[in-house]
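A.B. asks:
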Amino acid sequence: MSYITRTLGNLRKIGLKEYWHQLNYIGDTKAGTLVGVDKFGNKFYENQEELPLRTRWVDYKEHDFDPGHIEPMWHSWISYAIDTPPPQDPLYGKPRSWAKPVHIPNLTFSRAAYKPYNTVKAKTKAWEPVALPR
């Protein structure tokens, strides 16, 4: 199937509003079945007719998304680590001791990023030139 045929087919399947939404958020148009929604409100889709490793995708609830907004079980499903979607997995609803109750954002490249500091005395000393008076 050619690219234009696939795009027009997806436009027909998902409608103009969803087509425009996907072009702005994903950069591509996809039509698939809704597999589930996580606790953050993200929607997960699957389409087995797509190219391999492009059959699953997520539609984030917020425009300013962070990949950390995906729950761990959904992350393993979307990255093809497991085959069954989390709602069909018997371990999905069980509480985990390591799971955080709220989302902790990724603070890299922000003012709140972790900055390590050195507590060891330097082994070398920088040379400082001394100019003799004339």
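The opening residue of the sequence shown carries number 1317 in the working numbering; numbering runs sequentially from there. A virtual CB, placed ideally from N, CA and C, is assigned to each residue, including glycine.
1. From Met1317 to Lys1410, what does the alpha carbon distance come to, in whole angstroms?
2. Run through the DSSP bridge pairs and tell me what Val1412 is partnered with.
3. Indicate whether Phe1425 and Trp1390 have their beta-carbon atoms separated by less than 8 Å.
4. In the structure shown, what three-state DSSP assignment does Gly1325 receive?
5. Tell me Gly1352's beta-bridge partners as DSSP assigns them.
6. Quick one: any contact between the region 1397-1406 and the region 1439-1447, if contact means 3 or more CB pairs under 8 Å?
7. In whole angstroms, give me the CA-to-CA distance for Val1418 and Arg1328.
8. Any idea which residues DSSP pairs Val1374 with across the strands?
C.D. replies: So, from the data block:
1. Confidence in Met1317 is poor, its pLDDT being 46 and thus under 50, which makes the residue's placement too unreliable to answer from.
2. In the sequence on display, residue 1412 carries Arg and not Val. None; Arg1412 has no bridge partner.
3. No, these two residues do not count as a Cβ contact at 8 Å.
4. Gly1325 falls in the helix class under three-state DSSP.
5. The secondary-structure analysis by DSSP pairs Gly1352 across a beta bridge with Phe1360.
6. Judged by pairs of C-beta atoms under 8 Å, the region 1397-1406 does not touch the region 1439-1447, as fewer than three such pairs exist.
7. About 38 Å.
8. Its beta-bridge partners are Phe1360.
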